[in-house]
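Participant: All residue numbers for the sequence shown refer to this note's numbering, where the first residue is 9 and numbers rise by one. In this text, a Cβ means the ideal position worked out from N, Cα and C, and glycines have one as well.
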Amino acid sequence: MLCLLIMSMATLTSYAALNTSNAFIELEDFKTYAENIYQALDDTDLDYKAFETGLKGYVKLLEEGQIEEDSFLTVIDMSLSANKNRFFLIDVSNKKILHKSIVAHGRNSGGEFAKHFSNKIGSFKSSIGFYRTAETYSGKHGLSLRLDGLEYSNSNARKRAIVIHAADYVSNAFIQNNGRLGRSLGCPSLPQKDYDHIVHTIKNGSLLFIYYPEDQYLKYSTLASDKL
Numbered sequence: 009m010l011c012l013l014i015m016s017m018a019t020l021t022s023y024a025a026l027n028t029s030n031a032f033i034e035l036e037d038f039k040t041y042a043e044n045i046y047q048a049l050d051d052t053d054l055d056y057k058a059f060e061t062g063l064k065g066y067v068k069l070l071e072e073g074q075i076e077e078d079s080f081l082t083v084i085d086m087s088l089s090a091n092k093n094r095f096f097l098i099d100v101s102n103k104k105i106l107h108k109s110i111v112a113h114g115r116n117s118g119g120e121f122a123k124h125f126s127n128k129i130g131s132f133k134s135s136i137g138f139y140r141t142a143e144t145y146s147g148k149h150g151l152s153l154r155l156d157g158l159e160y161s162n163s164n165a166r167k168r169a170i171v172i173h174a175a176d177y178v179s180n181a182f183i184q185n186n187g188r189l190g191r192s193l194g195c196p197s198l199p200q201k202d203y204d205h206i207v208h209t210i211k212n213g214s215l216l217f218i219y220y221p222e223d224q225y226l227k228y229s230t231l232a233s234d235k236l
């Protein structure tokens with residue numbers, strides 16, 4: 009049951025709510041839970057709203073049994089400049105940020121800032137929403153990690169070949185030479201440093217969330233909504 013999962017995961021027994029016919033966390037209890045973890049993470053580079061929205065989806069998908077690897081939540085905050093750290097690998101159980109780095113967005117999503125998103129094949133834009141990580145493979149970028157979109161906003165991820173891969177254009181050197189980070193064809197591309205370790209940590213069923221405060225998405229996403 010969800011409350012038992014949350015209690016064992018975060019030892020927050022004081023505000024886990026239990027209904028005899030249905031396990032749930034009430035909204036106010038969730039907010040306390042989210043604030044508790046965020047404070048423990050102690051890193052202001054991670055925006056609270058991006059984290060909280062990602063955690064909502066994490067709790068819902070955990071209850072539905074859609075997360076095979078439930079120790080980790082990866083949040084990519086596309087509201088930030090591409091020149092800043094906006095990829096955060098979070099150990100939810102131990103309330104730690106295991107890794108943070110820069111991450112590229114799609115070339116048609118914007119320059120330094122991503123502002124346009126799409127689920128369409130051939131758009132070369134990033135897609136916001138929740139993803140489940142899948143299998144790894146060796147492609148033109150070397151080790152790559154397939155992603156399966158879980159929402160209307162990213163359901164074509166596999167058809168579009170939206171994957172996590174490393175790229176030379178995702179580096180501080182590229183930023184210094186070009187004024188901004190390089191861009192992908194829609195993939196959340198990562199730096200070479202520590203890349204293999206990150207992929208092997210989050211592969212095979214963990215949750216990844218690409219955040220942007222787009223009104224339409226926040227209105228229609230069942231995973232990002234306040235309803236728990």
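(1) Enumerated in chain order, which unbroken segments of the beta strand (DSSP E) with a length of 3 residues or greater are wholly contained in the segment 135 to 222?
(2) From L189, Q224 and I170, pick the residue whose C-alpha is nearest to that of S179; which is it?
(3) Any idea which residues DSSP pairs K108 with across the strands?
(4) Could you give the distance in angstroms between the alpha-carbon of G213 and the alpha-carbon of L81?
(5) Is DSSP giving I84 helix, strand or coil here?
(6) Report all residues from its chain with a CB closer than 6 Å to the CB of E60; omit the five preceding and five following residues, and keep chain order.
(7) Checking the sheet assignment: what are the DSSP bridge partners for G114?
(8) Hey, is the segment 57 to 72 in contact with the segment 106 to 117, meaning 3+ C-beta pairs nearer than 8 Å?
(9) Exposed or buried, I84, counting other C-beta atoms within 10 Å across all chains shown (16 or more means buried)?
(10) Considering just the uninterrupted stretch of the alpha helix (DSSP H) at F59, what are its terminal residues?
(11) What's the gap between the Cα of K104 and the Cα of I45?
(12) Roughly how far, in whole angstroms, is the beta-carbon of S89 from the beta-carbon of L198, given that I think they are within contact range, below 8 Å?
(13) Label L35 either buried or exposed according to how many other C-beta atoms from any shown protein chain fall within 10 Å of its C-beta, with 16 as the threshold for buried.
(14) Would you call the CB atoms of L215 and L54 closer than 8 Å?
(15) Does the distance from the C-beta atom of G65 to that of L236 stay below 8 Å?
(16) Can L49 and I206 be called in contact, C-beta distance under 8 Å?
Facilitator: In this structure, then:
(1) 137 to 147, 150 to 157, 171 to 173 and 215 to 219
(2) L189
(3) F96
(4) 11 Å
(5) strand
(6) Residues A42 of the same chain have their beta carbon placed closer than 6 Å to that of E60, with the five preceding and five following residues left out of the count.
(7) S192
(8) no
(9) buried
(10) Y56 to E71
(11) 9 Å
(12) So it is not a contact: roughly 16 Å between Cβ atoms.
(13) exposed
(14) no
(15) No. Outside cutoff.
(16) no
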